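Undergrad: Chains as they are written, first to last, in my numbering: chain V, 871 to 1070; chain R, 871 to 1070. Below you will find the structure I want to go over with you.
There are 2 protein chains.
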Amino acid sequence: MTTRNPQQTRERLLKTAFAEIHAHGFQGMRVDEVLRKSGLKKGAFYHHFNSKVDLGYAVLEEQIRPLLESVWLRMLGEIEDPVMDFPRMLDNLGQTVPPEMREHGCPLNNLAQEMASQDEGFRKRIVSIFEDWIDGFAAVFEQGKTKGYIRKNIDSRVVARFMVAVLEGCIGVYKVEQTAEQWIACRSQIAAYLGTLRPE
Amino acid sequence: MTTRNPQQTRERLLKTAFAEIHAHGFQGMRVDEVLRKSGLKKGAFYHHFNSKVDLGYAVLEEQIRPLLESVWLRMLGEIEDPVMDFPRMLDNLGQTVPPEMREHGCPLNNLAQEMASQDEGFRKRIVSIFEDWIDGFAAVFEQGKTKGYIRKNIDSRVVARFMVAVLEGCIGVYKVEQTAEQWIACRSQIAAYLGTLRPE
DNA sequence: CTGCAAACAAACCAGTTGGTCTGTTATTTT
DNA sequence: AAAATAACAGACCAACTGGTTTGTTTGCAG
């Protein structure tokens, strides 16, 4: 018969759930719909996960966190001069980003805004991922300092925290407005802000 | 008996629904719970509103839009020098903001992130409110130009669009992190950004 | 004063939802 | 090979959810 593959089954559930959560939010995501789209049954689901919330946590840790790493942290790792390179990367991202991201925005921020104040388990995990992102940004600015691209007396973590907030804000408003105008405005002003980090 | 007051009944429903949506999101808000908290019954609800979605639209137009006007647009109207005055207003806001706003963030952005890609009726109304907000900011920068506080060659609407995005981003991340550190970082960097708008 | 529409109350309902339970089959352990 | 267990399938269910219906009361126009 069809040979069993529990790891793959679990992954199928996670991938489908991730897409459904991204599209409808966690509360809007329906377990039955995940099952329908993944072609699996209740038995499989509740064998791999204890509850809907448990699935949500797993999506955060096993789908969203790796996505942040493979997209943003990888990107940040390639930055030489933050002031010049980052805005260019934003342009690049703006053109390569898949349509579902354009439509539904940042999966992490969506879950964050929906669930942070609803469930402490969600909030803690989301904070942890945000901190990783902030760490990634801070490292870029620290490196930028040693290479002379960034003023020595700026606080890299403060700037990093702001950058994460700005990006989520820009992505979020773009998701609502759905106009190039909004994205271009954000991109240009992010570049202007980064200019303040330059040594005199 | 208890004298009837349809306007007040409607307002009670809207006020309660606003609080429930703010606390649990639109999808998480339950009609029955709004009824319980407002002390009213199904008959009253479906007399004043056609559906749950209809109530959501009404909350946007009759609660959230006026709130934006009474908080942000009023604030912006009092600004003389945007670069100096706005960060100070942020400090003030950070201290006077009610606890439910601290916990649940911006009611407009919450609804925006949750419902924009779910329902076009929501998205359009939210865009309309965002545009009002952007208009308010743009007016401040335009006035700032004539008074010599702002460089003449900046595009007020671009800056305004960015400011709205930044604010929503900062409020959103703060809502998750719940630390003064995050808020202070955003405040200081918003001030730094606004500095780029100064004439040389 | 009367009729009539507006403003509710309250019981009711059908579809949905997350979750359970029982059974069956594949896989690993002994 | 036998026993145990992991990995499912599929029927089932109680609670919930938005919405409807029917009936009653209040206020107001004529």
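No residue lacks a Cβ here, since even glycine has one placed at the ideal position from N, Cα and C. These numbers were taken from a predicted model, which means no experiment stands behind them.
Check whether the region 1004-1011 of chain R touches the region 942-955 of chain R, counting contact only when three or more Cβ pairs, one atom from each stretch, lie closer than 8 Å.
TA: Judged by Cβ distances under 8 Å, the region 1004-1011 of chain R makes contact with the region 942-955 of chain R, as three or more pairs qualify.
Undergrad: Is glutamate 903 of chain V helix, strand or coil when you go by DSSP?
TA: Position 33 of the first sequence, counted from the start, is the residue given in the question as residue 903 of chain V. Residue state, collapsed to three classes: helix.
Undergrad: Cutting at 6 Å between CB atoms, please list the residues of its own chain near phenylalanine 1007 of chain V, excluding the five before and the five after it.
TA: Taking the first sequence and counting its residues from 1, one reaches residue 1007 of chain V at position 137. So the list reads Ala1030 and Met1033, once near-sequence residues are dropped.
Undergrad: When the distance is taken between beta carbons, is arginine 874 of chain R closer than 7 Å to serine 908 of chain R?
TA: To locate residue 908 of chain R, count along the second sequence from 1; it is residue 38. To locate residue 874 of chain R, count along the second sequence from 1; it is residue 4. Against a cut-off of 7 Å, the Cβ pair of arginine 874 of chain R and serine 908 of chain R comes out as no contact.
Undergrad: What's the gap between the Cα of asparagine 962 of chain R and the Cα of serine 940 of chain R?
TA: Here residue 962 of chain R corresponds to residue number 92 of the second sequence, with the count starting at 1. Here residue 940 of chain R corresponds to residue number 70 of the second sequence, with the count starting at 1. Their backbone Cα atoms lie some 15 Å apart in a straight line.
Undergrad: Could you tell me how far apart the beta carbons of glycine 964 of chain R and glutamate 1038 of chain V are, in whole angstroms, since I believe they sit closer than 8 Å?
TA: Mapped onto the second sequence, residue 964 of chain R falls at position 94. Mapped onto the first sequence, residue 1038 of chain V falls at position 168. Not a contact, Cβ separation roughly 19 Å.
Undergrad: Listing by chain order, which chain V residues have their CB less than 8 Å from the CB of threonine 1066 of chain R?
TA: Taking the second sequence and counting its residues from 1, one reaches residue 1066 of chain R at position 196. Near threonine 1066 of chain R (Cβ distances below 8 Å), the residues of chain V are Ala1062, Tyr1063, Gly1065 and Thr1066.
Undergrad: Shortest alpha-carbon distance to arginine 1021 of chain V belongs to which of V:Leu938, V:Arg880 and V:Thr1066?
TA: Here residue 1021 of chain V refers to the residue found at position 151 of the first sequence. Among V:Leu938, V:Arg880 and V:Thr1066, the Cα nearest to that of arginine 1021 of chain V belongs to V:Thr1066.
Undergrad: Measuring CB to CB, does leucine 884 of chain R end up less than 7 Å from glutamate 932 of chain R?
TA: Working through the second sequence from its first residue, we reach residue 884 of chain R at position 14. Working through the second sequence from its first residue, we reach residue 932 of chain R at position 62. In this structure, glutamate 932 of chain R lies closer than 7 Å to leucine 884 of chain R by Cβ.
Undergrad: Nearest chain R C-beta to glutamate 1038 of chain V closer than 7 Å, yes or no?
TA: One-based indexing of the first sequence puts residue 1038 of chain V at position 168. Yes, glutamate 1038 of chain V lies at the interface with chain R (some Cβ there is under 7 Å from its Cβ).
Undergrad: Please report whether the beta-carbon of serine 987 of chain V lies at a distance below 7 Å from any beta-carbon of chain R.
TA: To locate residue 987 of chain V, count along the first sequence from 1; it is residue 117. By this cut-off, serine 987 of chain V is an interface position.
Undergrad: For alanine 887 of chain V, count neighbouring Cβ atoms within 10 angstroms of its own Cβ and tell me buried if that reaches 16, exposed if not.
TA: On the first sequence, residue 887 of chain V is found 17 positions in, with the first residue counted as 1. Alanine 887 of chain V comes out buried.
Undergrad: Under a three-way DSSP split, which group does leucine 937 of chain R fall into?
TA: Counting from 1 along the second sequence, the entry for residue 937 of chain R is found at position 67. Looking at leucine 937 of chain R - three-state DSSP - the assignment turns out to be helix.
Undergrad: What residues from chain R crowd round histidine 974 of chain V, counting only those whose CB sits closer than 8 Å?
TA: Locating residue 974 of chain V in the first sequence gives position 104, where the first residue counts as 1. The answer, in chain order, is Ser987.
Undergrad: If you measure from the beta carbon of asparagine 980 of chain V to each beta carbon in chain R, is any gap under 7 Å?
TA: By one-based count along the first sequence, residue 980 of chain V stands at place 110. Asparagine 980 of chain V counts as touching chain R.
Undergrad: Applying the 10 Å Cβ sphere with the 16-neighbour rule, what's the burial state of glycine 926 of chain V?
TA: If you number the first sequence from 1, residue 926 of chain V lands on position 56. By the neighbour-count rule (16 or more Cβ atoms within 10 Å), glycine 926 of chain V is buried.
Undergrad: Measure from the C-beta of valine 997 of chain V to each C-beta in chain R and report whether the shortest distance is under 7 Å.
TA: In the first sequence, the residue the question calls residue 997 of chain V occupies position 127. Yes, contact with chain R.
Undergrad: With 16 other CB atoms within 10 Å as the buried threshold, where does lysine 912 of chain V fall?
TA: Numbered from 1 along the first sequence, position 42 holds the residue referred to as residue 912 of chain V. With fewer than 16 Cβ atoms within 10 Å of its Cβ, lysine 912 of chain V is classed as exposed.
Undergrad: For alanine 982 of chain R versus valine 1036 of chain V, is the C-beta spacing smaller than 7 Å?
TA: Position 112 of the second sequence holds residue 982 of chain R. Position 166 of the first sequence holds residue 1036 of chain V. Contact flag unset, no.
Undergrad: So the candidates are V:Asp989, V:Pro968, V:Glu1070 and V:Leu905; which of them puts its Cα closest to the Cα of lysine 1015 of chain V?
TA: Within the first sequence, the letter at position 145 stands for residue 1015 of chain V. Closest by alpha carbon: V:Glu1070.
Undergrad: Serine 921 of chain R: buried (16+ other C-beta within 10 angstroms of its C-beta) or exposed?
TA: Within the second sequence, numbered from 1, the residue matching residue 921 of chain R stands at position 51. By the 10 Å Cβ count, serine 921 of chain R comes out exposed.
Undergrad: Distance check for proline 876 of chain R and proline 936 of chain V, CA to CA, integer angstroms please.
TA: Counted from its first residue, the first sequence places residue 936 of chain V at position 66. Counted from its first residue, the second sequence places residue 876 of chain R at position 6. Going from the Cα of proline 936 of chain V to the Cα of proline 876 of chain R covers about 53 Å.
Undergrad: Taking Cβ to Cβ, would you say aspartate 1041 of chain R is nearer than 7 Å to glycine 975 of chain R?
TA: One-based indexing of the second sequence puts residue 1041 of chain R at position 171. One-based indexing of the second sequence puts residue 975 of chain R at position 105. A quick correction: the sequence has isoleucine, not aspartate, at residue 1041 of chain R. Yes; because the gap between Cβ atoms is below 7 Å, this pair is in contact.
Undergrad: Using three-state DSSP, classify glutamate 1038 of chain V as helix, strand or coil.
TA: For the purposes of this step, residue 1038 of chain V is taken as residue 168 along the first sequence, with counting starting at 1. If DSSP states are grouped into helix, strand and coil, glutamate 1038 of chain V belongs with the helices.
Undergrad: Would DSSP call isoleucine 1024 of chain V helix, strand or coil?
TA: Here residue 1024 of chain V refers to the residue found at position 154 when the first sequence is read from its first residue. Of the three classes helix, strand and coil, the one that applies to isoleucine 1024 of chain V here is coil, per DSSP.
Undergrad: Considering only the beta carbon of each residue, do methionine 985 of chain R and phenylalanine 896 of chain R sit closer than 7 Å?
TA: Sequence index remark: in the second sequence, residue 985 of chain R carries index 115 (1-based). Sequence index remark: in the second sequence, residue 896 of chain R carries index 26 (1-based). In this structure, phenylalanine 896 of chain R lies closer than 7 Å to methionine 985 of chain R by Cβ.
Undergrad: Check the Cβ of glutamate 984 of chain R against every Cβ in chain V and list those closer than 7 Å, keeping chain order.
TA: Numbered from its first residue, the second sequence carries residue 984 of chain R at position 114. Under the 7 Å cutoff, chain V gives Gly895 and Glu984.
Undergrad: Near glycine 991 of chain V, which residues of its chain fall below 8 Å by C-beta distance, leaving aside the five closest residues on each side in sequence?
TA: Mapped onto the first sequence, residue 991 of chain V falls at position 121. So the qualifying residues of the chain are Val923 and Tyr927.
Undergrad: Relative to the C-alpha of tyrosine 1024 of chain R, which candidate in V:Trp942, V:His892, V:Arg1068 and V:Ala1055 has its C-alpha closest?
TA: Here residue 1024 of chain R refers to the residue found at position 154 of the second sequence. Here residue 1024 of chain R is isoleucine; the residue named in the question, tyrosine, does not match the sequence. Out of V:Trp942, V:His892, V:Arg1068 and V:Ala1055, V:Ala1055 has the C-alpha closest to the C-alpha of isoleucine 1024 of chain R.
Undergrad: Aspartate 1005 of chain R lies in the alpha helix (DSSP H); which residues open and close that run?
TA: Position 135 of the second sequence, counting from 1, holds the residue named residue 1005 of chain R. From DSSP, the alpha helix (DSSP H) with aspartate 1005 of chain R extends over 990-1016.
Undergrad: Cutting at 6 Å between CB atoms, please list the residues of its own chain near arginine 900 of chain V, excluding the five before and the five after it.
TA: By 1-based counting over the first sequence, the position of residue 900 of chain V is 30. Same-chain partners within the cutoff: there are none.
Undergrad: With a threshold of 8 Å on Cβ separation, who are the neighbours of arginine 1027 of chain R within its own chain once the five nearest residues in sequence on each side are excluded?
TA: In the second sequence, the residue the question calls residue 1027 of chain R occupies position 157. Around arginine 1027 of chain R: Ile1004 and Ala1008.
Undergrad: Between the Cα of glutamate 890 of chain R and the Cα atoms of R:Arg1068, R:Arg944 and R:Glu970, which residue gives the shortest distance?
TA: Taking the second sequence and counting its residues from 1, one reaches residue 890 of chain R at position 20. Nearest C-alpha to glutamate 890 of chain R: R:Glu970.
Undergrad: Going along chain R, which residues have a C-beta under 9 Å from serine 921 of chain V?
TA: The count along the first sequence starts at 1 and reaches residue 921 of chain V at position 51. Correct list: empty, because the minimum Cβ distance to chain R is about 17 Å.
Undergrad: From V:Thr1049, V:Arg958, V:Leu905 and V:Asp1002, pick the residue whose C-alpha is nearest to that of serine 1058 of chain V; which is it?
TA: Stepping through the first sequence from its first residue, residue 1058 of chain V is reached at position 188. Serine 1058 of chain V has its Cα closest to that of V:Arg958, out of V:Thr1049, V:Arg958, V:Leu905 and V:Asp1002.
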